[in-house]
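Peer 1:
Protein chains: 2
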Amino acid sequence: MTILRTPLADGSARGIPDATVARLPVYLRALNALAEQGVATCSSNDLAENAGVNPAKLRKDLSYLGSYGTRGVGYDVEYLRYQIAREIGQTQDWDVVIVGVGNLGSALSAYQGFSTRGIRVAALVDADPKRVGTTISGITVSSLDDLTAIVEERAISIGIIATPGEAAQEVADRLVAAGVTSILNFAPALVQVPDGVDVRKVDLSIELQILAYHEQRKAGKEATA
Amino acid sequence: MTILRTPLADGSARGIPDATVARLPVYLRALNALAEQGVATCSSNDLAENAGVNPAKLRKDLSYLGSYGTRGVGYDVEYLRYQIAREIGQTQDWDVVIVGVGNLGSALSAYQGFSTRGIRVAALVDADPKRVGTTISGITVSSLDDLTAIVEERAISIGIIATPGEAAQEVADRLVAAGVTSILNFAPALVQVPDGVDVRKVDLSIELQILAYHEQRKAGKEATA
DNA sequence: AAGAGTTTGTGAACGCGTTAACAAAATCGT
DNA sequence: ACGATTTTGTTAACGCGTTCACAAACTCTT
Ligand SMILES: NC(=O)c1ccc[n+]([C@@H]2O[C@H](COP(=O)([O-])OP(=O)(O)OC[C@H]3O[C@@H](n4cnc5c(N)ncnc54)[C@H](O)[C@@H]3O)[C@@H](O)[C@H]2O)c1
Ligand SMILES: NC(=O)c1ccc[n+]([C@@H]2O[C@H](COP(=O)([O-])OP(=O)(O)OC[C@H]3O[C@@H](n4cnc5c(N)ncnc54)[C@H](O)[C@@H]3O)[C@@H](O)[C@H]2O)c1
Numbered sequence: 001m002t003i004l005r006t007p008l009a010d011g012s013a014r015g016i017p018d019a020t021v022a023r024l025p026v027y028l029r030a031l032n033a034l035a036e037q038g039v040a041t042c043s044s045n046d047l048a049e050n051a052g053v054n055p056a057k058l059r060k061d062l063s064y065l066g067s068y069g070t071r072g073v074g075y076d077v078e079y080l081r082y083q084i085a086r087e088i089g090q091t092q093d094w095d096v097v098i099v100g101v102g103n104l105g106s107a108l109s110a111y112q113g114f115s116t117r118g119i120r121v122a123a124l125v126d127a128d129p130k131r132v133g134t135t136i137s138g139i140t141v142s143s144l145d146d147l148t149a150i151v152e153e154r155a156i157s158i159g160i161i162a163t164p165g166e167a168a169q170e171v172a173d174r175l176v177a178a179g180v181t182s183i184l185n186f187a188p189a190l191v192q193v194p195d196g197v198d199v200r201k202v203d204l205s206i207e208l209q210i211l212a213y214h215e216q217r218k219a220g221k222e223a224t225a
Numbered sequence: 226m227t228i229l230r231t232p233l234a235d236g237s238a239r240g241i242p243d244a245t246v247a248r249l250p251v252y253l254r255a256l257n258a259l260a261e262q263g264v265a266t267c268s269s270n271d272l273a274e275n276a277g278v279n280p281a282k283l284r285k286d287l288s289y290l291g292s293y294g295t296r297g298v299g300y301d302v303e304y305l306r307y308q309i310a311r312e313i314g315q316t317q318d319w320d321v322v323i324v325g326v327g328n329l330g331s332a333l334s335a336y337q338g339f340s341t342r343g344i345r346v347a348a349l350v351d352a353d354p355k356r357v358g359t360t361i362s363g364i365t366v367s368s369l370d371d372l373t374a375i376v377e378e379r380a381i382s383i384g385i386i387a388t389p390g391e392a393a394q395e396v397a398d399r400l401v402a403a404g405v406t407s408i409l410n411f412a413p414a415l416v417q418v419p420d421g422v423d424v425r426k427v428d429l430s431i432e433l434q435i436l437a438y439h440e441q442r443k444a445g446k447e448a449t450a
């Protein structure tokens, strides 16, 4: 007997590998593109090409959700789309609060692309009294002191940190205290959170630094060639 | 005999694992923080804690660069800082061009944090005639038609795509044609590039979708509990 | 109805990354 | 000078993710 994945007590199990979860939104986007083109059915090869992944990887990923294809035929675009959407929670909208509406926070607030992916920017919060009360992308900026009330009232579970790094830990603490259990952190700082709270970090400087590293290698290689 | 890593013909070898390269900037940041606090020497435990990683992982990562520590003592902060900076190409500044100065492109242009990490936003480019000629964060926006001239003149090797998804492939093609060999893509679209060109993708929607997936799991678990 | 052709779902091999564990090498105290 | 202590650098085990390869399951043609 081999234990498959996170055997939950209630048997509902499911426990999709992290790497797969990260790709499901990509598949969803590819399926949406196919649906818009009027494609009703697609093979794993078709979909994999649209998503930019290996077909075997795609099939393995989908196999974690269930068996939604038909051998010899492929996948029904609409049906698979719904199954993936359901799996990653995109049958509902998720309200998020953005803390820190400076350059980046404002850009995120204005972004129209979130709404089609089940994300709704529900509230904006800032510590700067000059910003509080102003309206950005149709949303009035609230004070940091009102964070708990906002999170509770709107049942927000996801927060975005777009403040300077020095404020990141304090903001994270406040978000957690208010009831937020998932945080997307853009500040270049480590934030500590209790168990049960997820934190993802997006570090744009590092993305560029990685590219710079590879550029340096390319330059060095051609110099010795 | 075991072959270690990418044995280059000229023997200069070096070929640091991707996962390690992605963490070196984190170590560098942690070392900078220690240096600012006046710390002259640190152990792998100290540094690992500051960087938020496992000490064994840190030591293994550093071992790819060379042997820069002293057993029984630890690492000289200043010395290690220089070695990592040199390895990832941070002894020089890297000029980047941002294509598409809308909400996100403008936020990136204004970001002060890049300069301390060896990244300099050297040029801004947009296709919209209304934006061309305007000044954003002290840089005059150029026309897309001038991209090749700008890239050549300033010897830019890194480009950032911050245009809508539909334009991403065309922009990538133009960047590559102009001589750019590393691209950071913020648009929710696959871009195809020839061999020798690196592309990294940052997809903020997906980051939030991943958090939403975990939120859904948490909600489901507590419902059945 | 049967064989040829397609395509999925998955077992198994492989490779990369992480982590634990320890020998080697340094310092410190006596 | 030497044993106790500290901490690195590295080897080995482990786990996760990727990929191959193929049987199972379906359609289509004759
Ligand atoms: N702008 C970018 O393109 C970019 C790129 C990479 C990383 N970042 C990071 O993202 C974060 C935000 O960047 P930015 O350029 O928007 O900075 P910014 O200075 O323009 O905005 C920061 C905002 O946070 C607010 N703030 C400060 N302390 C706060 C607190 N305790 N609670 C609530 N709000 C607070 C400020 O009032 C301000 O409005 C920073 O950590 C930055 O390092 C930004
Ligand atoms: N704003 C965000 O917070 C956010 C979040 C996630 C993803 N993104 C992605 O980042 C990209 C930019 O987002 P944004 O909000 O800044 O969009 P935006 O519409 O505000 O800006 C896009 C800019 O690109 C320019 N542009 C269009 N076609 C071009 C071309 N062919 N060449 C050069 N410039 C061109 C436009 O003139 C405009 O200035 C989009 O792909 C978006 O999906 C943005």
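Chains A and B, in that order, are what the protein sequence lines are.
Reading the first sequence from the start, the letters are residues 1 to 225 in the working numbering.
Reading the second sequence from the start, the letters are residues 226 to 450 in the working numbering.
Glycine included, every Cβ here is placed at the ideal spot set by N, Cα and C.
Remember, it's a predicted structure, so these values are computed and weren't measured experimentally.
(1) Compare the C-beta of Tyr27(A) against all C-beta atoms of chain B and say whether one is closer than 7 Å.
(2) Sort Val321(B), Tyr307(B), Val427(B) by Cα distance to Gln315(B) and report the nearest one.
(3) Give the DSSP bridge partners of Thr135(A), in chain order.
(4) So the candidates are Glu207(A), Arg174(A), Ile210(A); which of them puts its Cα closest to the Cα of Pro194(A)?
(5) Are there any heavy atoms of ligand 1 lying less than 6 Å away from the beta-carbon of Thr163(A), as far as the coordinates show?
(6) If I'm right that Asp320(B) touches Arg345(B) with Cβ under 8 Å, what's the distance once you round it to whole angstroms?
(7) Taking its Cβ as the centre, do 16 or more other Cβ atoms sit within 10 Å of Lys426(B), making it buried, or is it exposed?
(8) Any heavy atom of ligand 2 within a distance shorter than 6 Å of the CB on Asp398(B)?
(9) Does DSSP classify Ala35(A) as helix, strand or coil?
(10) Across which residues does DSSP place Ser407(B) in a beta bridge pair?
(11) Does the beta carbon of Leu290(B) come closer than 7 Å to any beta carbon on chain A?
(12) Counting contacts by CB-CB distance shorter than 7 Å, is Leu4(A) in contact with chain B?
(13) Quick one: what does DSSP say Val326(B) is sitting in, helix, strand or coil?
(14) In the structure shown, what three-state DSSP assignment does Ile344(B) receive?
(15) Short of 7 Å in beta carbon distance, which residues of its chain neighbour Leu233(B), apart from the five on each side in sequence? Order them along the chain.
(16) So what's Val176(A) in DSSP terms, helix, strand or just coil?
(17) Start and end of the alpha helix (DSSP H) containing Asp46(A)?
(18) Using 7 Å as the threshold, is the C-beta distance between Ser367(B) and Ala335(B) below it?
(19) Which value, in whole angstroms, describes the spacing of the CA atoms of Arg226(A) and Val180(A)?
(20) Could you tell me which residues DSSP pairs with Val350(B) in its beta bridges?
(21) Since Arg248(B) and Asp301(B) should fall inside the 8 Å C-beta cutoff, what is the C-beta to C-beta distance between them, to a whole number of angstroms?
(22) Taking the alpha-carbon positions, what's the Asn410(B) to Ala189(A) distance?
(23) Please look up how many angstroms separate the CB atoms of Leu65(A) and Glu87(A), rounded, as I've assumed it's under 8 Å.
(24) Quick check on Ser44(A) - is its C-beta less than 7 Å from some C-beta in chain B?
(25) Report the neighbours of Ser110(A) on chain B: residues whose CB is nearer than 7 Å to its CB, in chain order.
(26) So, is the C-beta of Glu432(B) closer than 7 Å to a C-beta in chain A?
(27) Going by alpha carbons, who is nearest to Glu377(B) out of Leu259(B), Tyr293(B), Ala352(B), Ala348(B)?
(28) Name, please, each residue of chain A whose Cβ falls closer than 7 Å to the Cβ of Glu391(B).
(29) What does the alpha-carbon distance come out to for the pair Gly384(B) and Val298(B)?
(30) Quick one: what does DSSP say Ala437(B) is sitting in, helix, strand or coil?
(31) According to DSSP, which residues form a beta bridge with Tyr75(A)?
(32) Identify the contact partners of Ile344(B) in chain A, using a Cβ-Cβ distance below 8 Å as the criterion.
(33) On a Cα-Cα basis, can you pick out the residue from Cys42(A), Leu58(A), Gln112(A) that is closest to Tyr79(A)?
(34) Are the CB atoms of Val97(A) and Ile161(A) nearer to each other than 7 Å?
(35) Taking only beta-carbon positions, decide if Gly314(B) is within less than 7 Å of chain A.
Peer 2: Result, derived from the coordinates:
(1) Taking the first sequence and counting its residues from 1, the one referred to as residue 27(A) is at position 27. Taking 7 Å as the CB threshold, Tyr27(A) stays off the interface with chain B.
(2) Your numbering for residue 315(B) matches position 90 in the second sequence. Among Val321(B), Tyr307(B), Val427(B), the Cα nearest to that of Gln315(B) is on Tyr307(B).
(3) Residue 135(A) sits at position 135 when you count from the first residue of the first sequence. In the DSSP output, where bridge partners are listed per residue, Thr135(A) has Thr140(A).
(4) To locate residue 194(A), count along the first sequence from 1; it is residue 194. Of the listed residues, the one whose Cα sits closest to Pro194(A) is Arg174(A).
(5) Position 163 of the first sequence holds residue 163(A). Under cutoff, so the answer is yes.
(6) Counted from its first residue, the second sequence places residue 320(B) at position 95. Counted from its first residue, the second sequence places residue 345(B) at position 120. Right, their Cβ atoms sit about 5 Å apart.
(7) The count along the second sequence starts at 1 and reaches residue 426(B) at position 201. By the 10 Å Cβ count, Lys426(B) comes out buried.
(8) Walking along the second sequence from the start, residue 398(B) turns up at place 173. No, ligand 2 has no heavy atom inside 6 Å of this Cβ.
(9) Translated into the one-based positions of the first sequence, residue 35(A) becomes position 35. Annotated three-state conformation of Ala35(A) is helix, per DSSP.
(10) Here residue 407(B) refers to the residue found at position 182 of the second sequence. Its beta-bridge partners are Ile383(B), Asp423(B).
(11) Residue mapping note: residue 290(B) aligns to position 65 of the second sequence, counting from 1. The beta-carbon of Leu290(B) is placed no less than 7 Å from the nearest beta-carbon of chain A.
(12) Here residue 4(A) is taken as the residue at index 4 of the first sequence, counted from 1. Its pLDDT being 43, under 50, Leu4(A) is placed unreliably in this model, and the value from its coordinates should be taken loosely. Judged by the 7 Å Cβ criterion, Leu4(A) is not in contact with chain B.
(13) In the second sequence, counting from the first residue as 1, residue 326(B) sits at position 101. Assignment of Val326(B) by DSSP, reduced to helix, strand and coil, places it in the coil class.
(14) For the purposes of this step, residue 344(B) is taken as the residue at position 119 of the second sequence. Three-state result, Ile344(B): strand.
(15) One-based indexing of the second sequence puts residue 233(B) at position 8. Caution applies to Leu233(B), whose pLDDT of 42 falls short of 50 and renders its modelled position unreliable; the value that the coordinates give is listed next. Excluding sequence positions up to five before and after Leu233(B), its CB lies less than 7 Å from no other CB in the same chain.
(16) Within the first sequence, residue 176(A) is the residue found at index 176, counting from 1. DSSP, reduced to helix, strand and coil, places Val176(A) within a helical segment of the structure shown.
(17) Residue numbering aside, residue 46(A) sits at position 46 when the first sequence is read from its first letter. Element bounds for Asp46(A): 44–51.
(18) In the second sequence, residue 367(B) corresponds to position 142, counting from 1. In the second sequence, residue 335(B) corresponds to position 110, counting from 1. No. Outside cutoff.
(19) Past the edges of chain A, shown from 1 to 225, lies residue 226(A), and the structure says nothing about it.
(20) As a position in the second sequence, residue 350(B) is number 125, starting the count at 1. The bridge partners DSSP lists for Val350(B) are Val324(B), Ser367(B).
(21) If you number the second sequence from 1, residue 248(B) lands on position 23. If you number the second sequence from 1, residue 301(B) lands on position 76. The pair is not a contact, with the Cβ atoms about 20 Å apart (cut-off 8 Å).
(22) Here residue 410(B) is taken as the residue at index 185 of the second sequence, counted from 1. Here residue 189(A) is taken as the residue at index 189 of the first sequence, counted from 1. The alpha-carbon separation between Asn410(B) and Ala189(A) amounts to approximately 23 Å.
(23) If you number the first sequence from 1, residue 65(A) lands on position 65. If you number the first sequence from 1, residue 87(A) lands on position 87. Distance from Leu65(A) to Glu87(A) at the Cβ level is roughly 5 Å; contact confirmed, criterion being Cβ atoms closer than 8 Å.
(24) The count along the first sequence starts at 1 and reaches residue 44(A) at position 44. No - not a single Cβ of chain B is within 7 Å of the one on Ser44(A).
(25) Sequence index remark: in the first sequence, residue 110(A) carries index 110 (1-based). For the sequence presented, residue 110(A) should be read as Ala rather than Ser. For Ala110(A), the chain B residues whose C-beta falls within less than 7 Å of its own C-beta are Asn328, listed in chain order.
(26) By one-based count along the second sequence, residue 432(B) stands at place 207. Yes, contact with chain A.
(27) Translated into positions along the second sequence, residue 377(B) becomes position 152. Of Leu259(B), Tyr293(B), Ala352(B), Ala348(B), the residue nearest in Cα terms is Ala348(B).
(28) Within the second sequence, numbered from 1, the residue matching residue 391(B) stands at position 166. Close to Glu391(B), with beta-carbon spacing below 7 Å, lies no residue of chain A; the smallest spacing is near 11 Å.
(29) Position 159 of the second sequence, counted from the start, is the residue given in the question as residue 384(B). Position 73 of the second sequence, counted from the start, is the residue given in the question as residue 298(B). Gly384(B) and Val298(B): Cα-Cα distance of roughly 42 Å.
(30) Walking along the second sequence from the start, residue 437(B) turns up at place 212. The answer is helix: DSSP assigns Ala437(B) an H, G or I state.
(31) Here the question's residue 75(A) lines up with position 75 in the first sequence. In the DSSP output, where bridge partners are listed per residue, Tyr75(A) has Cys42(A), Gly69(A).
(32) For this step, residue 344(B) is matched to residue 119 along the second sequence. The contacting residues are Ser205, Leu208, Gln209, Ala212.
(33) Residue mapping note: residue 79(A) aligns to position 79 of the first sequence, counting from 1. Looking at the Cα atoms, Cys42(A) is the closest of the given residues.
(34) One-based indexing of the first sequence puts residue 97(A) at position 97. One-based indexing of the first sequence puts residue 161(A) at position 161. No, Cβ-Cβ distance for Val97(A) and Ile161(A) is not below 7 Å.
(35) Position 89 of the second sequence, counted from the first residue, corresponds to residue 314(B). Residue-level contact check: Gly314(B) touches chain A, since one or more beta carbons of chain A fall below 7 Å from its beta carbon.
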